[in-house]
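Number of protein chains: 2
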Amino acid sequence: AIVDAVARALADGPLTGRHILITSGPTHEPIDPVRYIANRSSGAQGTAIAAALAGMGARVTFVTGPAAVPPPQGVAVVRVETAAQMAQAVEAALPADAAVFAAAVADWHVVGAGASKLKKDGSGKPPALAFAENPDILKTVAHRPDRPRLVIGFAAETDDVVRNATDKRARKGCDWILANDVRPETGIMGGTDNALTLITAEGAEDWPRMTKDQAARRLAHRIAEALA
Amino acid sequence: AIVDAVARALADGPLTGRHILITSGPTHEPIDPVRYIANRSSGAQGTAIAAALAGMGARVTFVTGPAAVPPPQGVAVVRVETAAQMAQAVEAALPADAAVFAAAVADWHVVGAGASKLKKDGSGKPPALAFAENPDILKTVAHRPDRPRLVIGFAAETDDVVRNATDKRARKGCDWILANDVRPETGIMGGTDNALTLITAEGAEDWPRMTKDQAARRLAHRIAEALA
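As given, the protein sequences belong to chains A and B, one line each in that order. Just so we're aligned, residue 21 is where the first sequence starts under the numbering used here, counting upward by one. Just so we're aligned, residue 21 is where the second sequence starts under the numbering used here, counting upward by one.
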């Protein structure tokens, strides 16, 4: 508690008095009690962003799926597992001055994921699963009348990174997109570095490869400028 | 290194000179570069079994999927991600005096999991995925002419635990099955306790609920008796 108080005192900064919402980590969508569909996300970049924003004085609500890295100190942590739970937690955390959607959210969930383990039926074919689209959290929040002044999405891409991310920014109605190339050979997924491109109304700005902590601080400063 | 040497010296025991193969943790089957299908398994029970066997002097090869708990000290660790990789690692680790298949292995993998991220196509439907059955590691090893003298499988069940596990023992051709009830309300999956039923040619033996460490030591003693 003393450490927290000291951290808060030191954290008085350019974002003091602001509430910022961050989503981070993967979602897990159950197939049955023992199987699920997951997105690859260690939660490292979202966690670093939350820490950087809290370090600049923001009040941070951190909505996290089952991530590999622990959540940062000094933020309000809301743990969820599925995309639907994340959407609910985000809605409950609004209003906010800014929102950063860094989580890797599943696009679909399995309809009627049951209480019994699915069994092989001898046909060599998997059981037929019915899928339904998950709520689009970024798009929904960006279109709310009481939306945060700054809504920031992420685009993890493997092809045509800038074009796909620019399209995504328009389609979702968000202010900024942070795009990165997550092909395995980049080593970004699960690694300590990131190489981001910031897509805004003004165009695309390539950031050099840097650590995820450095990228987080750079983003936090940009957010502070935008909210000033 | 000193700690390891001390551990080995202390570990001279009833399983000294025996090689035991253990699989543990989940497998992850890629859908595309950012998504995968996983089984729920913390790796806690497999890790505890490996530690108990090493503690009784066995030389342990520990083939593990991406588990939540770190592998134990004093064993040879082989890290894999998919069921196919696990099958290869198991084959490479044979011969062994006993094998304990504690991993939660995916029954199917996605055929042609690609290098590009799958995109929503606007139809509201997920991309069609083709699945193929994974190698049945337990059954394959149990039917090898040079099979370990003692082949032990696990059965994580949600219904008719003993009947399903007894059927599994016959179907796989293994010597023992350790069955447990993994319905979420038991708290076993991801928890510290386990409640196992040991299925052998002689029938079903219910073990009381105990910690996973205690269950591991009980199993290790039974293995030592069987190999004596």
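Built from N, CA and C at the ideal position, the CB exists for glycine as well.
- Just so you know, the alpha carbons of E205/A and L239/B end up roughly 42 Å apart.
- When Y56/A, M209/A and P86/A are compared, the shortest CA-CA separation from V130/A is found for Y56/A.
- Here R164/B is exposed: its Cβ has fewer than 16 other Cβ atoms, across all protein chains shown, within 10 Å.
- In the structure shown, I219/B falls within a strand segment according to DSSP collapsed to helix, strand and coil.
- The CB of E177/B comes closer than 8 Å to the CB of K137 in chain A, given here in chain order.
- Among the CB atoms of chain A, none fall inside 8 Å of the CB of F174/B.
- Contact annotation: the segment 75–84 of chain A touches the segment 33–47 of chain A, with at least three C-beta pairs closer than 8 Å.
- Straight-line spacing of the CA atoms in A133/B and G223/B works out to 42 Å.
- Assignment of E245/A by DSSP, reduced to helix, strand and coil, places it in the helix class.
- The secondary-structure analysis by DSSP pairs A74/A with nothing; it has no beta-bridge partner.
- Within the same chain, and ignoring the five residues on either side of E153/A in sequence, the residues whose Cβ sits closer than 7 Å to its Cβ are D127 and W128.
- Identification of residues in the segment 182–213 of chain B having a C-beta nearer than 7 Å to some C-beta of chain A yields V202, R203 and P204, given in sequence order.
- For V97/B, the enclosing beta strand (DSSP E) begins and ends at A96 to R99.
- For A124/A, same chain residues with a beta-carbon under 6 Å away, outside a window of 5 residues either side, are P46, N59 and S61 in chain order.
- In this structure, A190/A lies away from A199/A, with their beta-carbon atoms at least 8 Å apart.
- Distances from the alpha-carbon of A104/A to those of A116/A, S143/A, V83/A and P168/A put V83/A closest.
- In the structure shown, N184/B adopts helical secondary structure according to DSSP, grouped into three states.
- Non-local C-beta neighbours of K188/A in its own chain, meaning closer than 6 Å and more than five positions away in sequence, comprise A175 and I197, ordered along the chain.
- Restricting attention to G85/B, A162/B and L73/B, the CA atom closest to the CA of P115/B is found in A162/B.
- Annotation: Cβ neighbours of N59/A in chain B (cutoff 9 Å, chain order): V54, R55 and Y56.
- Taking 8 Å as the cut-off, the Cβ atoms of V120/B and I157/B do not count as close.
- A74/B is positioned such that its CB atom lies closer than 8 Å to that of P92/B.
- Taking 8 Å as the CB threshold, A113/A stays off the interface with chain B.
- At a cut-off of 8 Å between beta-carbon atoms, D141/A makes no contact with chain B.
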